Amino acid sequence: MKLSVAALALAAAASSATAQEFCGRNDLQVVSDYTVYNNLWGQDNDKAGGQCTTVDSSSGSEIAWHTSFNWAGDNWQVKSYANAALKFDPVQISNVTSIPTTMEYTYKYDGNIITNVAYDLFTSPTIGGETAYELMVWLAALGGAWPLTSTGQPIKSVTLGGVDFNLYQGWNNKTKVFTYVAKNMATSFSADLKQFFDELPADNTIETTQYLTHVQAGTEPFQGKNATMTVSKYSAAVHTV
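Residues in the sequence shown are numbered from 1 upward in steps of one, following my numbering.
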């Protein structure tokens with residue numbers, strides 16, 4: 001099939017973002033519906049370590065990106081959260097009809113690693129207010145990575161998006177944290193994240209009057225050598241009434 005020069009240029013622009021590596025603590029790149037962050041928030045625990053992130057391509061509401069790191073330091077300290085954050089206006093959960101998402105990725109590393117692959121969603125009682133709740137969905141918990149938990153035991157088990165999860169609940173200072181942890185690593189995932197709110201226990205839940213403020217997906221490494229997470233396909237959206 002023959003394509004005109006203009007068509008080829010348009011296809012290239014649609015399928016490829018500027019593939020420029022960024023390595024700074026707070027470096028980011030805005031592309032399509034997302035802001036991709038390097039986010040080395042815990043790097044002071046290993047000042048000899050480092051991490052760089054690259055947006056590989058963008059087409060419509062779908063992006064591809066990867067992040068590479070070397071981290072040592074304490075095995076209990078998260079070093080970073082490289083992630084793709086969806087751009088949207090805060091909305092009350094009661095007005096959210098669905099949060100469709102797809103994520104496909106691979107993880108390569110030398111030797112041992114401690115890390116997760118995780119969605120991270122935050123809510124607040126008011127627009128611009130302090131975070132009250134955090135809801136995480138871990139697609140992988142490698143090398144003994146463990147969620148915040150008050151008891152060490154799951155409070156519920158569910159199957160969502162074709163993946164079996166255990167649900168844990170804990171605290172991060174004043175923020176109540178719910179974490180769904182996949183029982184087995186899920187490298188290809190497609191689901192409605194709204195269902196993870198709906199599946200919270202009735203007596204231990206997030207009020208629907210809360211405002212959804214953040215939807216992110218990425219990885220939280222504690223330790224890892226010559227590690228790279230490559231996200232070949234990622235998309236997310238917040239649909240409302």
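Positions of the beta carbon are idealized from the N, C-alpha and C atoms, including for glycine. Since we're looking at a predicted model, the values are computed, not measured.
Discussion item. Less than 7 Å between C-beta atoms, sequence neighbours within five positions excluded: which residues of the same chain meet that for residue 192?
Written reply: Residues 98, 99 and 100 of the same chain have their beta carbon placed closer than 7 Å to that of residue 192, with the five preceding and five following residues left out of the count.
Worksheet entry | 4 or more residues per run - each alpha helix (DSSP H) lying fully within the stretch 155-227 | For the stretch 155-227, whole alpha helix (DSSP H) runs of length 4 or above, ordered along the chain, are 194-198.
Worksheet item: What span of residues does the beta strand (DSSP E) with residue 99 cover, start to end?
Response: From DSSP, residue 99 is part of no beta strand (DSSP E); its letter is neither H nor E.
Worksheet item: For the 8 Å Cβ check, are there 3 or more pairs between the stretch 208-227 and the stretch 117-134?
Response: By the Cβ rule, the stretch 208-227 counts as touching the stretch 117-134, because three or more pairs are nearer than 8 Å.
Item to complete: Would you grab the beta carbon distance between residue 222 and residue 118 for me? Rounded to a whole angstrom, and I think it's under 8 Å.
Response: That pair is no contact at about 12 Å.
Worksheet item: Three or more beta-carbon pairs under 8 Å between the stretch 67-86 and the stretch 201-210, yes or no?
Response: Too few Cβ pairs lie closer than 8 Å, so no.
Worksheet item: Secondary structure at residue 150, three-state DSSP: helix, strand or coil?
Response: Coil.
Discussion item. Taking contact to mean 3 or more Cβ pairs, one atom from each stretch, closer than 8 Å, check whether the stretch 87-94 and the stretch 47-58 are in contact.
Written reply: Verdict: no, contact absent.
Practice prompt. Within 10 angstroms of the Cβ of residue 198, are there 16 or more other Cβ atoms? Answer buried if so, exposed if not.
Written response: Exposed.
Fill in: Helix, strand or coil at residue 89 according to DSSP, with G and I counted as helix
Coil, per DSSP.
Discussion item. Taking 6 Å as the limit between beta carbons, can you name the residues of its chain near residue 170, skipping five residues before and five after?
Written reply: The residues are 148, 149, 150 and 177.
Fill in: Supposed contact pair residue 31 and residue 238 - C-beta distance, whole angstroms, cut 8 Å
The Cβ separation is near 18 Å, so there is no contact.
Worksheet item: If you draw a straight line from the C-alpha of residue 36 to the C-alpha of residue 25, how long is it?
Response: Going from the Cα of residue 36 to the Cα of residue 25 covers about 13 Å.
Item to complete: Have a look at residue 7 and residue 60 and give me their C-alpha separation to the nearest angstrom.
Response: Residue confidence for residue 7 is low, a pLDDT of 40 falling below 50, so the modelled location carries little weight and cannot support an answer.
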